[in-house]
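Student: Numbering (the numbering used here), first residue to last: 496 to 789. Glycine included, C-beta positions come from ideal geometry on N, C-alpha and C. If you're wondering where the values come from, they're calculated on a predicted model, not measured in any experiment. Starting off with a structure, shown below.
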Amino acid sequence: MAFLIDIKKKIQSVQGTRKITQAMELVAASRMKSFQRKALASRGYARSLVGGLRQAKAEWGELPFAAVREEGKVLFVIVTSDKGLCGSLNQQLIRALLRDEKWNALSSDQKLLFTIGRKSFDALNARGVPIEKRYDGLKEDLTSLDALVVVNEIAERWERGEIREVRFVAPEYVNAFTSRALVKTYLPFGDEMVASHIGEDETPIDRAPTSVIEPDRDTLVEKLSNQLLEALFSHAFYELKASEYSSRMVAMKNATEAAGDMIKALTREFNKARQAAITQEIAELAGAGAAMEG
Numbered sequence: 496m497a498f499l500i501d502i503k504k505k506i507q508s509v510q511g512t513r514k515i516t517q518a519m520e521l522v523a524a525s526r527m528k529s530f531q532r533k534a535l536a537s538r539g540y541a542r543s544l545v546g547g548l549r550q551a552k553a554e555w556g557e558l559p560f561a562a563v564r565e566e567g568k569v570l571f572v573i574v575t576s577d578k579g580l581c582g583s584l585n586q587q588l589i590r591a592l593l594r595d596e597k598w599n600a601l602s603s604d605q606k607l608l609f610t611i612g613r614k615s616f617d618a619l620n621a622r623g624v625p626i627e628k629r630y631d632g633l634k635e636d637l638t639s640l641d642a643l644v645v646v647n648e649i650a651e652r653w654e655r656g657e658i659r660e661v662r663f664v665a666p667e668y669v670n671a672f673t674s675r676a677l678v679k680t681y682l683p684f685g686d687e688m689v690a691s692h693i694g695e696d697e698t699p700i701d702r703a704p705t706s707v708i709e710p711d712r713d714t715l716v717e718k719l720s721n722q723l724l725e726a727l728f729s730h731a732f733y734e735l736k737a738s739e740y741s742s743r744m745v746a747m748k749n750a751t752e753a754a755g756d757m758i759k760a761l762t763r764e765f766n767k768a769r770q771a772a773i774t775q776e777i778a779e780l781a782g783a784g785a786a787m788e789g
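Laid out in structure tokens, this is it:
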């Protein structure tokens, strides 16, 4: 009977775990839908800004953050989650960074690394990868002030001439079951950056100066450039959150199903053991009765 009690305790334990994973799946599904809307909206906004600056560059020539430099380091920014239980999402992003051709072509004194999210810092720090700055615990309801903490640091290093290129490693949300780890150009603003965000098949731009600018061109371009940096960072963050919660939803769904399978297996084992115990008791009673009659 002690064996039956042990099995019953296991069943109760797994049932408790299944309730937890079911609740986490529902929470993740709700959060995923919210961040899915934000990711898609920010994706469209960022692409519109990229397209607007592309038009401005065609009409007016050079723009802020568009200088092509030979000197300076390449800054990589990897965007991962602070928490786990989201499948292989973080591992895919870290793998995308470590397999990037430009990352591997540069020596350690030619590149810098910013990590956003505790998971990337922990994994890369454990590998001995030098990390220039880490940003953990960004609020999910990201504000402009939160984004500007990172964006201003990048902009200041660019303006000082410390860096010549910025590359972001971040997920792209596809659907509830799929996300892609991408390496995109963040700076300088140019053909490669445009291609990585809105594609290469854009129609040619009419270079005739047809735009009417208020109050003046420089003010508009500076404002658009700063908005673009913030928008691209916010976009990467929302893509991460949508991917994180979709991965967590799938992981918790799989865990719930696995717990259900385990409960079924333990229940069968419990029933077999109980039947065997009942059969043994009947046999013992029958044997005792026969002995008494004899």
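(1) Under 8 Å: do the stretch 598-607 and the stretch 718-730 share three or more Cβ pairs, one atom per stretch?
(2) What residues match up with F609 in a beta bridge as DSSP calls it?
(3) In this structure, how does DSSP classify R702 when only helix, strand and coil are distinguished?
(4) With DSSP as the reference, please indicate the residues paired to N670 in a beta bridge.
(5) Does the stretch 526-537 come close enough to the stretch 724-734 that 3 or more CB-CB pairs lie under 8 Å?
(6) What number of angstroms, rounded off, separates the C-alpha of I502 from the C-alpha of S674?
(7) How would you call E697, buried or exposed, if buried means at least 16 neighbouring beta carbons within 10 angstroms?
(8) Could you give the residue range of the alpha helix (DSSP H) that holds E654?
(9) Can you give the Cα-Cα distance for L780 and Q770, rounded to whole angstroms?
(10) Is it true that the CB of V664 sits closer than 8 Å to the CB of V569?
(11) Taking only the alpha-carbon atoms, compute the straight-line gap between L761 and N749 and give it to the nearest angstrom.
(12) Cutting at 7 Å between CB atoms, please list the residues of its own chain near A524, excluding the five before and the five after it.
(13) When DSSP builds the beta bridges, which residues end up paired with K533?
(14) Would you kindly work out how many angstroms separate the C-alpha atoms of A621 and Q775, rounded to a whole number?
(15) Can you determine whether any heavy atom of the ligand FMN sits closer than 7 Å to the C-beta of G612, and answer yes or no?
(16) To the nearest angstrom, how far is it from the Cα of N766 to the Cα of M747?
Tutor: With the structure as the only source:
(1) no
(2) V572 and K628
(3) Any answer about R702 is weak, because its pLDDT of 48 lies below 50 and its placement is not dependable; what the coordinates show is given next. Coil.
(4) T673
(5) yes
(6) 40 Å
(7) Residue placement at E697 is flagged as unreliable, the pLDDT there being 49, under the threshold of 50; the coordinate-derived value follows with that caveat. Around the beta carbon of E697, a 10 Å sphere encloses fewer than 16 other beta carbons of the protein chains shown; the residue is thus reported as exposed.
(8) S639 to E654
(9) In this structure, the CA atom of L780 is about 15 Å from the CA atom of Q770.
(10) no
(11) 18 Å
(12) M744
(13) DSSP, once it has assigned bridges, lists no residue as partnering K533.
(14) So the alpha carbons of these two residues sit roughly 57 Å apart.
(15) Although the ligand FMN was asked about, the structure shown includes no ligands whatsoever.
(16) 28 Å
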